[in-house]
Amino acid sequence: MRPTMERPVNPRLSARLIGDHGALANAIGLALAADDVRLIDYPANEDPDGFDVLVFIAPDAPADTIASTPVSDFSKQVGACLSAAFMALQSGAASIRVKGAGGSIVFVAPPAGSRRAFDAVTQGLRLMAKAAALELGPEKIRVNIVLPGSGESPLGRSCMPADIAQVVAFAAAPRSQFMTGADLVVDGGTLAR
Amino acid sequence: MSGRLQDRVVIVTGATKGIGRETAKLLAREGAKVACTGRNAGDGASVVAEIVSEGGRAIFVAHDISSEGDWRTVVARTESELGGVYGVVNNAGAFFVKPLAETTEADFQSIYDVNVQGAFLGIKLGFDAIARTGAPGAIVNVSSLMGQVGFPGAIAYCATKGAVTGLTKTAAIEGAAMRPQVRVNSLHPGVIWTPMITSQFGDDPALAQAFADDTPLKMIGLPKYMADAILFLVSDDAAMVTGAELTVDGGRGAD
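Protein chains in written order, with our numbering: chain S, 888 to 1080; chain U, 8 to 262.
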């Protein structure tokens, strides 16, 4: 008999979530569970077994105009968010590699309203996701971004946490296994105008 | 077991093969009653038989999607045999490879009739059919990665698929203003290994591998992946998704 050094086999996928521990995070946990993906709540670097899915939720940014935004606020806000996403990518990819079966990284951009100074965060995250998709693709690690809307939309209501969470779950689960480097817009038609 | 589309009626065009066939089967597995349309009655009968053998419900209706008369027949038979329409998947499409200099007006007109007029009629008659049910609905238009970027040798195809992207956005805004509302989204597949591709390039497995090597994920695009994406867009998972372009291409377009 071989010594039982192997890790217990868990057929279910596991996910790590970084950022926003409010209503959106709860909704994402529920939506992932419907795809048989369970959230793990310990930090990536303390997880020797790795995981399959990383969800990074960017913090919302104030809806300030370019004219009213001091450059120090801009660089703090944009720099902090992009750096956090970058760290999430690096540590997430490392933890997904531990399991060696590929996986999915999902960015959730800040809610987009009318154009504003901090939209640079969203566009920075979009292109970071695409670059990471190209780099990590051969390892079957997918990287996509969910772009939520905010406020009134052509559908006549604003985006609720569950609306965003269902889209995150699609991007996270194997049912989107051929999708990487993609934008998933969930805004009730706002950007179609 | 109750599926994501339990008892909802969906029309899938081009359901006799490729992406449409996989989509019809997946939607049926999720509880939908599917009207499978296409030009080949034999293939249509076989997809219906497969769905029925799995316990699903489906009919086949012969369909030239560029014909408004055919569309009226499809909708009428679907309503009488399956019930009021919840969704339309405008999947059927034509494809050929020809450089600009060799593309004739007749070539251009023929691909326009199928890809643009076909999708236009599907949206227009789909809206009418969904409105008659008094309940919300969803339409998915299968565009292409080539409806978002250019591709040498495929000028007519790119132009028509770009038109589908534009049709989708306008229809989404008009559909959002309807009561009840209709969501409209476009799917943008990369290279998917279907008869549409093999009829132009041949079916050598080495070619399939070459297409796979061109994608960051190094995967051959299978119709099943498109079916999963169409199911997502047509289901309530995408309740706040309308006017969106969903690209599912193995990462090809991110480059």
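No residue lacks a Cβ here, since even glycine has one placed at the ideal position from N, Cα and C.
Everything numeric in this text was worked out from a predicted model, so none of it was measured.
Do we get a CB-CB distance below 8 angstroms when we pair residue 984 of chain S with the residues of chain U? Output row for residue 984 of chain S: interface = no.
So, for residue 1107 of chain S: in the same chain, excluding its five sequence neighbours on each side, which residues have a beta-carbon less than 8 angstroms away from its beta-carbon? Residue 1107 of chain S lies beyond the residue range present for chain S, which begins at 888 and ends at 1080; the question has no answer from this structure.
Which of the three DSSP states is assigned to residue 224 of chain U in this structure? Note: residue 224 of chain U maps to coil in three-state DSSP.
Residue 956 of chain S to residue 150 of chain U span [Cα, whole Å]: Looking at the two C-alpha atoms, the distance is approximately 40 angstroms.
Would the segment 1037-1051 of chain S and the segment 203-215 of chain U be scored as touching if the rule is three or more Cβ pairs under 8 angstroms? Output reads no: the segment 203-215 of chain U does not touch the segment 1037-1051 of chain S.
Under 8 angstroms by Cβ, that's how I've got residue 58 of chain U and residue 32 of chain U pegged, so tell me the actual separation to the nearest angstrom. Residue 58 of chain U to residue 32 of chain U, Cβ: 6 angstroms. Contact.
Alpha-carbon to alpha-carbon, residue 86 of chain U and residue 255 of chain U: The straight-line gap from Cα to Cα measures roughly 32 angstroms.
In chain order, what are the residue ranges of uninterrupted alpha helix (DSSP H) at least 4 long that sit wholly in the segment 25-107 of chain U? Within the segment 25-107 of chain U, the complete alpha helix (DSSP H) runs of at least 4 residues are 25-36, 48-60, 75-88.
Kindly indicate the opening and closing residues of the alpha helix (DSSP H) around residue 206 of chain U. Residue 206 of chain U: member of the alpha helix (DSSP H) spanning 202-208, first to last residue.
Same chain only: Cβ atoms within 6 angstroms of residue 84 of chain U, ignoring 5 sequence neighbours per side: Once the five neighbours on either side are set aside, the close Cβ partners of residue 84 of chain U are 68.
What do you get for residue 168 of chain U, buried or exposed, if any count of 16 or more other CB atoms within 10 angstroms of its CB means buried? The Cβ neighbour count for residue 168 of chain U, taken over all protein chains shown within 10 Å, is at least 16; the residue is labelled buried.
is_contact[residue 255 of chain U, chain S] using C-beta, thresh 8 angstroms: Chain S contact via Cβ: present.
Would you say residue 889 of chain S reaches chain U, if we count a Cβ-Cβ gap shorter than 8 angstroms as a contact? Low per-residue confidence applies at residue 889 of chain S: pLDDT is 43, beneath 50, and the placement is therefore not dependable, though the value from the model is reported in the following sentence. With 8 angstroms as the cut-off, residue 889 of chain S does not count as an interface residue toward chain U.
Using beta carbons (cut-off 8 angstroms, strictly below), is residue 1067 of chain S in contact with chain U? Residue contact with chain U for residue 1067 of chain S: present (Cβ-Cβ distance below 8 angstroms to some residue of chain U).
Distance, Cα to Cα, residue 119 of chain U vs residue 966 of chain S? Per the coordinates, the alpha-carbon of residue 119 of chain U lies some 47 angstroms from the alpha-carbon of residue 966 of chain S.
Delimiting residues of the alpha helix (DSSP H) encompassing residue 1008 of chain S: Note, residue 1008 of chain S: alpha helix (DSSP H), 1006-1023.
Roughly how many angstroms separate the alpha carbons of residue 893 of chain S and residue 1029 of chain S, rounded to a whole number? Because the pLDDT of residue 893 of chain S is 48, which lies under 50, any placement of that residue in the model is unreliable, and the question is left without a value.
Strictly under 8 angstroms for the Cβ-Cβ distance: is residue 224 of chain U near chain S by that measure? With 8 angstroms as the cut-off, residue 224 of chain U counts as an interface residue toward chain S.
Give the secondary structure of residue 1062 of chain S by DSSP, where H, G and I count as helix, E and B as strand, and everything else as coil. Helix.
Alpha carbon to alpha carbon, what distance is there between residue 949 of chain S and residue 177 of chain U? C-alpha separation (whole angstroms): 31 angstroms.
Residue 192 of chain U lies in the beta strand (DSSP E); which residues open and close that run? DSSP places residue 192 of chain U inside the beta strand (DSSP E), whose first and last residues are 189-196.
Between the Cα of residue 153 of chain U and the Cα atoms of U/145, U/166, U/147, U/144, which residue gives the shortest distance? For residue 153 of chain U, the nearest C-alpha among the options comes from U/166.
Could you say which of U/108, U/26, U/109, U/116 lies nearest to residue 235 of chain U if we only look at CA atoms? Closest option to residue 235 of chain U, Cα to Cα, is U/26.
Can you tell me which of S/1018, S/1058, S/917 puts its alpha carbon nearest to the alpha carbon of residue 1073 of chain S? Nearest C-alpha to residue 1073 of chain S: S/1058.
Determine whether the Cβ of residue 1053 of chain S lies closer than 8 angstroms to any Cβ atom of chain U. For residue 1053 of chain S, the answer is yes, since a Cβ of chain U falls inside 8 angstroms of its Cβ.
Nearest CA to the CA of residue 942 of chain S: which residue from S/1008, S/963, S/908? Ranking the options by Cα distance to residue 942 of chain S, first place goes to S/908.
Give the range of the beta strand (DSSP E) segment to which residue 861 of chain S is assigned. Outside the shown range of chain S (888 to 1080) lies residue 861 of chain S, about which nothing can therefore be said.
List the whole-angstrom C-beta distance separating residue 925 of chain S from residue 903 of chain S, where the pair is believed to meet the contact cut-off of C-beta under 8 angstroms. With a Cβ gap of about 11 angstroms, residue 925 of chain S and residue 903 of chain S do not count as contacting.
As assigned by DSSP and simplified to three states, the class of residue 984 of chain S: Correct three-state label for residue 984 of chain S: helix.
Any idea if residue 1039 of chain S is buried or exposed, counting beta-carbon neighbours within 10 angstroms, 16 or more meaning buried? Its Cβ having fewer than 16 others within 10 Å, residue 1039 of chain S is exposed.
Hey, out of U/137, U/102, U/148, whose CA is closest to residue 202 of chain U's CA? Comparing alpha-carbon positions, the option among U/137, U/102, U/148 lying closest to residue 202 of chain U turns out to be U/102.
Candidates U/225, U/96, U/138, U/93, of which the one nearest residue 198 of chain U by Cα: When each option's Cα is compared against that of residue 198 of chain U, the closest is U/225.
Would you mind working out which of U/35, U/65, U/24, U/219 sits nearest residue 42 of chain U, comparing C-alpha positions? Answer by Cα proximity: U/65.
Just to confirm before moving on: does the CB-CB distance between residue 36 of chain U and residue 61 of chain U stay below 8 angstroms? Their beta carbons are under 8 angstroms apart, which means residue 36 of chain U touches residue 61 of chain U by this criterion.
Cutoff 8 angstroms: residue 59 of chain U Cβ touching any chain S Cβ: Taking Cβ atoms only, chain S never reaches closer than 8 angstroms to residue 59 of chain U, which makes this a no.
Let's test the definition: count the other Cβ atoms within 10 Å of the Cβ of residue 888 of chain S and tell me whether it reaches 16, buried, or not, exposed. Reliability of the predicted coordinates at residue 888 of chain S is poor, the pLDDT of 41 falling under 50, and no value is obtained from them.
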